[in-house]
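Protein chains in written order, with our numbering: chain A, 30 to 372; chain B, 806 to 1264.
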Amino acid sequence: MSLIMELEFIWFTIFVALATGYAILDGFDLGVGMLHLLSKKDEERRLMLNSIGPVWDGNEVWLVTAGGALFAGFPIVYAVLCSAFYVPVMILLTGLIFRAVAIEVRSKRPMAWWRWTWDILFSFASFVIAFALGIAIGNLIRGIPLDADKEFSGDLFCLVHPYAVMIGILTVSLFLMHGAIYILMKTEGELHDKMRRWTNPTIIFFIVFYATATMATLIYMPHMTDAIKERPIFFVLAVMDMLVIANIPREINLGRDGRAFASSCLNIIFLMMLYAVGSYPNVVRAINDPDGLSLTIYNAASSQKTLEILLLIALIGIPMVLAYTTAIYWIFRGKVKLDSSSY
Amino acid sequence: MDVEILARVQFALTIMFHYIYPPLSIGLGLILVIIEAIYLKTKNPFYLNMAKFWAKVFALTFALGVATGIVMEFEFGTNWSTYSRYVGDVFGSALAAEGVFAFFLESGFLAILLFGWDRVGPKMHFFSTLMVCLGAHFSAIWIIVANSWMQTPAGFHVVGEGVFARAEITDFWAMVFNPSSVNRLVHAVIGAWLAGAFMVISVSSYYLLKRRHIDFAKSSLKIGLTVALVSCVLQGISGDSSAKVVAVHQPAKLAALEGVFHTSTNVPLALFGIVNTKEQRLDYSISIPGLLSFLTWGDFSSEIKGLDQVPRADWPNVAIVFQTYHLMIAMWAIMLTLSLLAFYMWYRGSLFTNKWVLRALVFSVFCPQIANQAGWVSAEMGRYPWIVYGLLRISEGLSKVVTANQVLGSLIMFTFLYFLLFIVFLYLLNEKFKHGPDDVSFDATPYHHLNIYGEETKK
Chain A
30 MSLIMELEFI
40 WFTIFVALAT
50 GYAILDGFDL
60 GVGMLHLLSK
70 KDEERRLMLN
80 SIGPVWDGNE
90 VWLVTAGGAL
100 FAGFPIVYAV
110 LCSAFYVPVM
120 ILLTGLIFRA
130 VAIEVRSKRP
140 MAWWRWTWDI
150 LFSFASFVIA
160 FALGIAIGNL
170 IRGIPLDADK
180 EFSGDLFCLV
190 HPYAVMIGIL
200 TVSLFLMHGA
210 IYILMKTEGE
220 LHDKMRRWTN
230 PTIIFFIVFY
240 ATATMATLIY
250 MPHMTDAIKE
260 RPIFFVLAVM
270 DMLVIANIPR
280 EINLGRDGRA
290 FASSCLNIIF
300 LMMLYAVGSY
310 PNVVRAINDP
320 DGLSLTIYNA
330 ASSQKTLEIL
340 LLIALIGIPM
350 VLAYTTAIYW
360 IFRGKVKLDS
370 SSY
Chain B
806 MDVEILARVQ
816 FALTIMFHYI
826 YPPLSIGLGL
836 ILVIIEAIYL
846 KTKNPFYLNM
856 AKFWAKVFAL
866 TFALGVATGI
876 VMEFEFGTNW
886 STYSRYVGDV
896 FGSALAAEGV
906 FAFFLESGFL
916 AILLFGWDRV
926 GPKMHFFSTL
936 MVCLGAHFSA
946 IWIIVANSWM
956 QTPAGFHVVG
966 EGVFARAEIT
976 DFWAMVFNPS
986 SVNRLVHAVI
996 GAWLAGAFMV
1006 ISVSSYYLLK
1016 RRHIDFAKSS
1026 LKIGLTVALV
1036 SCVLQGISGD
1046 SSAKVVAVHQ
1056 PAKLAALEGV
1066 FHTSTNVPLA
1076 LFGIVNTKEQ
1086 RLDYSISIPG
1096 LLSFLTWGDF
1106 SSEIKGLDQV
1116 PRADWPNVAI
1126 VFQTYHLMIA
1136 MWAIMLTLSL
1146 LAFYMWYRGS
1156 LFTNKWVLRA
1166 LVFSVFCPQI
1176 ANQAGWVSAE
1186 MGRYPWIVYG
1196 LLRISEGLSK
1206 VVTANQVLGS
1216 LIMFTFLYFL
1226 LFIVFLYLLN
1236 EKFKHGPDDV
1246 SFDATPYHHL
1256 NIYGEETKK
């Protein structure tokens, strides 16, 4: 009870919720982006692009707000992560710039070279964003070297550890699957049939890396399982996650694309919960001295006063955001069609 | 090279490039609201068409604003992580509020503004445009609150020692309404209205010169000019009150802005001049006696503090601060003159045919852009050597673990990338303007169709 009343815990939960929202929403944008080059006809590419057209921008805001929430609630974590992951953050930013610009300008000119250039940039940028985010999560699970001043004491090469790379690929495969199911839900006719054939490989790709990453985590990152050992109730999360993953191909085979997509969303929620439960109370684990130097939600948080203000901002703002975001998705529901205002 | 210089150059480059776009979004957002309001009132599809054209221009500026803005958010952490630790408690809450209250609103309703023409009714569409415009203005609020807090910090106390020292909020509203935030917010928002208004004025004048889309251009020009003139007048008032706040809270900055080296009474206002930092005077200057004292304190004989009040090592770069500040004012004077002249000719009925005035108006689009950039350069360089005025020095705010090579590498990357983006932006804008608005076809416009349908069913 007391834990739930602590502002640090509440604000950490809000941060994880924002990050989960980002992974669910921009996850399918990135998946669609990575699959973009698989369709060869211009009309199909425009359909894919316009399936995310009205919403991708709002989806990216979840990342911006999660970043703001981290800066506000846990400034030391924000400062350490951004400066430690300097090169990956720059790569991520380059990816985000190219993705945004490519979506916006791609269909503005009719020339084939113009569209191809932006198509390639769009697809590649989507991959880079997903991969860079995965690498960051992988490093957070594994931990990074920190010194007594709470500063990063490693170098770039310690960030491209095989485990982090594997989590990077897992993220790519997760978003590929998520995006494929999203297009399935939003398209009809020829493109829909084509996408059905692509969906199964993406599911298999994800499950292979999910199984590998789970094994690797159990063997090499045993600290992630401590919380589950202490409170076996959390094992339910792992079981639920496996059940929703198993449900995805089932729904696809039954032709229920919407339910498959819902299962894919739940999968992302459970994965993020497992990550949060496993790493809690650490936000940045110090690999050189996990018990002494790690940045926890307590030693890296803002003052109680600020956390109170932030909670108030979140309580007023987030219900409004959810309300109009839902309304906007409702307005743009149904299969995507091209018209004069499309990209 | 020195990591401090590189980090400052990188921040300057990325923020200045970013700041081309948000003012356009804020200004065009306001103009879109006006156009759609006229459409709702008149139900004339001509205005719908006009709104659709400017919405496409808005979309392009918005996309570049988002793409370059996300860099800014993370740059605080990458290059200025000690600063982020120090101010996170204060600065972070403004940034989080910006995400929750401004960005979601703006980007969410943007979907309806750009893609919802056929999906929602005219009133709902107008509401969405209004929300996008409001969101754009909200985003200005929070970031300027945060920036103003760096100029005139308030509502905080410092806790901790050495590397763990940081500012913590004691009074949220004192932080939000710190001495300079309201003035600076108003000043920046009006600057943004000017950017949008002169964009519309410039394109409309171009069409009038080329004798194309005449009706569209005339109506757009009238709306643009009205917004421009009102903004110019308001900007004069806002600039005056902003400078007065600077005089009270950042005397060294005012001294640099106005080129005052020696504290004295009855200080003249320099209209222009060349700063001679070595001899500590202005060369070739033309000044109005006593006017600076009068403008600042309302009394010709009052005292203005000069740069001699601060140690030489803590002087901002007086030449740059002075010149950019005066450039901003010169641009404002040009905009005011142009809009007054254009209004007079509109009243006389000769505006739409006078080639010379139209030519001047075509180029006027650069004035607010130069004024906005120059104004920010003087405001931020005038803060030197402080990153948070009087609390934290710029040199103390850097990331300790980031090397000069990393900053240089990313600086080269951003320079190249932004150069490319700018070319793409200008190219597409030019194509859009060459193509012009689509012709009004009365039955093809969905709203009008809805209206006709509505009127028919009423019968």
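By construction, the Cβ of each residue, glycine as well, lies at the ideal position given by its N, Cα and C atoms.
Pairwise C-alpha distance: R225/A and Y824/B: 44 Å
Alpha carbon to alpha carbon, how far is E966/B from I158/A? Give it in angstroms, no decimals. 38 Å
Since R1198/B sits in a beta bridge, which residues does DSSP pair it with? W1191/B
Range of the contiguous beta strand (DSSP E) that encloses D1088/B: 1086-1093
Quick check for students: name the residue ranges of the alpha helix (DSSP H) that lie wholly in the segment 979-1065 of chain B, counting only runs of 4 or more. Correct list: 986-1014, 1019-1054, 1056-1063.
Given a cut-off of 8 Å on the beta-carbon distance, is the pair G893/B and A95/A in contact? no
How would you list, in chain order, the residues of chain B whose beta-carbon sits under 7 Å from the beta-carbon of Y107/A? Here the neighbours are G882, S889, G893.
For S331/A and V981/B, what's the separation of their Cα atoms in angstroms? 17 Å
Hey, is R813/B's beta-carbon within less than 8 Å of any beta-carbon in chain A? No, its Cβ sits nowhere closer than 8 Å to a Cβ of chain A.
Among the residues of its own chain, which have a CB less than 6 Å from the CB of N988/B, if the five just before and after it don't count? Hits under 6 Å: S1046, S1047, V1050.
Within chain B, the residues that R138/A reaches when beta carbons sit closer than 9 Å: Y1232, L1233, E1236
In angstroms with no decimal places, state the Cα-to-Cα distance between W978/B and A1022/B. 45 Å
What are the boundary residues of the beta strand (DSSP E) that H962/B is part of? Its beta strand (DSSP E) spans residues 961-964.
Starting from G1214/B, trace the beta strand (DSSP E) both ways and give me its first and last residue. Looking at the DSSP string, G1214/B is not in any beta strand (DSSP E); the run it does join, the alpha helix (DSSP H), is 1209-1240.
Since G172/A meets chain B, which of its residues come closer than 9 Å, beta carbon to beta carbon? Here the premise fails: no neighbours, minimum Cβ distance about 16 Å.
Less than 8 Å between CB atoms is the rule here; does T1082/B satisfy it with respect to chain A? no
Which term fits Q333/A, buried or exposed, when burial requires 16 or more other beta carbons within 10 angstroms of its beta carbon? exposed
Counting Cβ pairs, one atom from each stretch, are 3 or more of them under 8 Å apart for the segment 115-132 of chain A and the segment 895-914 of chain B? Contact fails: fewer than three Cβ-Cβ distances are below 8 Å.
What alpha helix (DSSP H) runs, 4 residues minimum, are completely inside the segment 1126-1150 of chain B? Within the segment 1126-1150 of chain B, no complete alpha helix (DSSP H) run reaches 4 residues.
I357/A: first and last residue of the uninterrupted alpha helix (DSSP H) it sits in: For I357/A, the enclosing alpha helix (DSSP H) stretches over residues 333-360.
Output needed for L300/A: all residues of its chain with C-beta closer than 7 Å, excluding positions within five of it in sequence on either side, in chain order. D270
In this structure, does DSSP put G913/B in helix, strand or coil? Under the three-state reduction of DSSP output, G913/B falls in the helix class.
Starting from L125/A, follow the alpha helix (DSSP H) in both directions and report where the run begins and ends. Per DSSP, L125/A belongs to the alpha helix (DSSP H) from 115-134.
Between which residues of its own chain and S1200/B is the CB-CB distance below 7 Å, once the five residues before and five after are set aside? E809
Does the separation of the CB atoms of I974/B and T335/A fall below 8 Å? yes
Have a look at Y1149/B and V350/A and give me their C-alpha separation to the nearest angstrom. 46 Å
Identified DSSP bridge partners for V1182/B: According to DSSP, which records beta bridges pairwise, V1182/B is partnered with nothing at all.
Threshold first: 4 residues or longer. Then list the alpha helix (DSSP H) segments lying entirely within the segment 149-223 of chain A, N to C. Counting only runs of at least 4 residues, the segment 149-223 of chain A fully encloses the following alpha helix (DSSP H) elements, listed from N- to C-terminal order: 191-215.
Cβ of G926/B less than 8 Å from any chain A Cβ? Taking a beta-carbon distance threshold of 8 Å, G926/B does not count as an interface residue toward chain A.
Would you call A903/B buried or exposed, if buried means 16 or more other Cβ atoms sit within 10 Å of its Cβ? According to the sequence shown, residue 903/B is Glu rather than Ala. Classification for E903/B: buried.
Given that F37/A touches chain B, what residues does it touch there, using C-beta distances under 8 Å? The residue asked about is misnamed: residue 37/A is Glu in this sequence, not Phe. Result: empty, since nearest Cβ-Cβ is about 13 Å, beyond 8 Å.
Proximal residues of chain A, C-beta to C-beta of T873/B below 8 Å: I126
Is L1203/B helix, strand or coil when you go by DSSP? coil
Per-residue DSSP class, three states only, for N276/A: helix
Counting contacts by CB-CB distance shorter than 8 Å, is F100/A in contact with chain B? Output row for F100/A: interface = yes.
Taking the C-alpha atoms as reference points, what is the distance between C111/A and I173/A? 13 Å
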